Amino acid sequence: MPSASPLIDAHGRAIRYLRISVTDRCDLRCRYCMAETMQFLPRERLMSLDEIATIAECFIARGVHKIRLSGGEPLMRGDTVALAERLGTRLARGLDELTMTTNATRLARHAGALAAAGIRRINVSLDSLDPDTFRHITRTGDLDRVLDGIAAARDAGIAIKINMVALKGLNEHEIAPMLDWCVEQGFDLSLIETMPLGAIDEDRTDRFLPLPQVFEALSARFALVRDGFRTAGPARYWRVGDSGTRLGLISPLTANFCDGCNRVRLTTEGLLYLCLGRDEHVDLRAALRNGGPAAVDAAIETAMTRKPARHDFRIAPGAAPAVARHMSVTGG
Ligand code: SAM
Ligand code: SF4
Numbered sequence: 000m001p002s003a004s005p006l007i008d009a010h011g012r013a014i015r016y017l018r019i020s021v022t023d024r025c026d027l028r029c030r031y032c033m034a035e036t037m038q039f040l041p042r043e044r045l046m047s048l049d050e051i052a053t054i055a056e057c058f059i060a061r062g063v064h065k066i067r068l069s070g071g072e073p074l075m076r077g078d079t080v081a082l083a084e085r086l087g088t089r090l091a092r093g094l095d096e097l098t099m100t101t102n103a104t105r106l107a108r109h110a111g112a113l114a115a116a117g118i119r120r121i122n123v124s125l126d127s128l129d130p131d132t133f134r135h136i137t138r139t140g141d142l143d144r145v146l147d148g149i150a151a152a153r154d155a156g157i158a159i160k161i162n163m164v165a166l167k168g169l170n171e172h173e174i175a176p177m178l179d180w181c182v183e184q185g186f187d188l189s190l191i192e193t194m195p196l197g198a199i200d201e202d203r204t205d206r207f208l209p210l211p212q213v214f215e216a217l218s219a220r221f222a223l224v225r226d227g228f229r230t231a232g233p234a235r236y237w238r239v240g241d242s243g244t245r246l247g248l249i250s251p252l253t254a255n256f257c258d259g260c261n262r263v264r265l266t267t268e269g270l271l272y273l274c275l276g277r278d279e280h281v282d283l284r285a286a287l288r289n290g291g292p293a294a295v296d297a298a299i300e301t302a303m304t305r306k307p308a309r310h311d312f313r314i315a316p317g318a319a320p321a322v323a324r325h326m327s328v329t330g331g
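Residues 0 to 331 in numbering that gives the first Met the number 0 are what the sequence shown lists, from first letter to last.
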């Protein structure tokens, strides 16, 4: 049986947060995330709901107190709500928070059930409030559908954080209006630097927008007060005036955040990646199939010795991605 000692990696960091990519599939094709002709895994390679839940249980037994369901688009998978319901039974019994990152295209249908499962906060990707720009960035997306999904989640009592990838020449002029909109709606906003993960159809250098530059421009328009709030994650936060909105900056390229990293990531194939920007991993599905939860626990223990100290992201003209894996595989 899994032992109860907490997970500490070789660099002394306590691992308390698991992200699960429940599927690598997506109904959108965001330009910075994947190529238009992205190849997805055959369905038979995806773990079953039961396998994912069993592995998650092993992490909870070792002190992981936060789980985020992600992808790909997590709501593309028919049993993701059932998985949320199952993991939700562990809230206040080992798990402090269950959350999700979604593109919201299917959120209108599922928001009520997700709230009932115990999801209190979600991150929604929204890179533009202009229907044409939104369609251009996502290649296929319908903005109204996403806004309906967001409204349904809000009406279901779920707190919303908007994730916006800052893209030079694409949505940079929309960042301040997006913050206005978030203040008006009572949402938080996290801005994200584009990261060199997986091949796409363009050179990411062309779209890379350093967030310190964005922050300077926003500071001229908004009263931004540094917020003491910190997760062990990559974001730094500011309060926007006296609104309830929190602005987060996720700037892995311009500000390294690895010292306090508390997370690991499970792919839909059962590979546990120890760092978003590195290749070290262990195969937890193989462990589960060969030796059950005890073998998973032993594999997680091994993984702790392999977690790299830091990523090595670089954005330079013509540079290869840091890893061949896309964010949709590892779970953003
Ligand atoms: N499909 C869901 C969504 O878009 O919210 C969840 C998965 S997506 C991979 C998670 C987050 O990663 C999104 O906020 C997306 O904008 C971000 N993302 C994807 N590829 C990225 C990249 N190369 N650099 C920075 N952020 C990226
Ligand atoms: Fe899909 Fe999310 Fe990637 Fe966009 S960012 S293509 S919504 S996985």
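Where a beta carbon is used, it is the ideal one built from N, C-alpha and C, also for glycine. Values in this document were obtained by computation on a predicted structure and should not be read as measured data.
For the alpha helix (DSSP H) containing residue i, list its first residue and its last residue.
| i | result |
| --- | --- |
| Gly291 | 283 to 305 |
| Arg18 | Segment 16 to 20 is the beta strand (DSSP E) holding Arg18; no alpha helix (DSSP H) there. |
| Ile174 | 174 to 184 |
| Leu113 | 106 to 116 |
| Leu142 | 142 to 154 |
| Met46 | Premise fails: Met46 is in no alpha helix (DSSP H) and is neither H nor E. |
| Leu82 | 79 to 87 |
| Ser69 | It is not in any alpha helix (DSSP H) - Ser69 instead sits in the beta strand (DSSP E) that spans 65 to 69. |
| Ile136 | 130 to 137 |
Taking the alpha carbon of residue i as the reference point, which residue from the options has its own alpha carbon closest?
| i | options | result |
| --- | --- | --- |
| Ser69 | Leu97, Ser47, Asp147 | Leu97 |
| Thr100 | Cys57, Leu86, Ile161 | Ile161 |
| Thr204 | Leu166, Gly148, Gly185 | Leu166 |
| Met326 | Pro209, Thr88, Ile199 | Ile199 |
| Phe235 | Asp241, Arg220, Gly259, Phe221 | The question names Phe, but residue 235 in the sequence shown is Arg. The shortest C-alpha separation from Arg235 is found at Gly259. |
| Leu178 | Leu17, Leu169, Ser189 | Ser189 |
| Ile14 | Gly93, Val63, Ala55, Arg138 | Val63 |
| Trp180 | Gly140, Asp23, Gly243, Thr104 | Gly243 |
| His310 | Cys29, Asn289, Phe39, Val322 | Val322 |
How many whole angstroms separate the CB atoms of residue i and residue j, which I take to be in contact at a CB cut-off of 8 Å?
| i | j | result |
| --- | --- | --- |
| Glu171 | Thr253 | About 15 Å; that fails the 8 Å criterion. |
| Asp26 | Thr104 | 6 Å |
| Ile66 | Ala55 | 6 Å |
| Gly330 | Arg264 | 5 Å |
| Ala107 | Gly148 | 5 Å |
| Asp78 | Leu48 | 5 Å |
How big is the Cα-Cα spacing for residue i and residue j?
| i | j | result |
| --- | --- | --- |
| Glu332 | Gly111 | Because the chain here runs from 0 to 331, residue 332 falls outside it and cannot be looked at. |
| Ala52 | Ala83 | 9 Å |
| Asp129 | Leu142 | 8 Å |
| Val21 | Leu223 | 36 Å |
| Asp296 | Arg120 | 29 Å |
| Met303 | Pro176 | 42 Å |
| Trp237 | Asp187 | 10 Å |
| Leu270 | Ala294 | 14 Å |
| Thr132 | Ala60 | 44 Å |
| Met0 | Cys57 | Note on Met0: pLDDT 42, under 50, position unreliable in the model; no value is reported. |
| Arg313 | Met163 | 20 Å |
| Glu43 | Met75 | 15 Å |
| Phe214 | Asp278 | 31 Å |
| Phe207 | Ala155 | 35 Å |
| Asn261 | Tyr16 | 6 Å |
| Ile157 | Gly240 | 23 Å |
| Asp95 | Ala319 | 38 Å |
| Gly276 | Gln38 | 20 Å |
| Arg305 | Asp282 | 13 Å |
| Asp126 | Glu173 | 9 Å |
Taking the beta strand (DSSP E) that residue i belongs to, which residues open and close that run?
| i | result |
| --- | --- |
| Met163 | 158 to 165 |
| Leu190 | 187 to 192 |
| Ala222 | Looking at the DSSP string, Ala222 is not in any beta strand (DSSP E), and its letter there is neither H nor E. |
| Met99 | 96 to 101 |
| Val360 | Nothing can be reported for residue 360: it is not among the residues displayed for the chain, which extend from 0 to 331. |
| Ser124 | 120 to 124 |
| Val328 | Taken as a continuous stretch (DSSP letters only), Val328 belongs to no beta strand (DSSP E), being part of the alpha helix (DSSP H) at 326 to 329. |
| Val263 | 262 to 265 |
Using a Cβ-Cβ distance cut-off of 9 Å, determine whether residue i contacts chain D.
| i | result |
| --- | --- |
| Arg120 | Chain labels in this structure do not include chain D; a single protein chain is all it has. |
Sequence-ordered residues whose beta carbon comes within less than 7 Å of a heavy atom of ligand 2: Cys25, Leu27, Arg28, Cys29, Cys32, Met33, Gly70, Gly71, Glu72, Asn102, Ser124, Thr137, Met326, Ser327, Gly331
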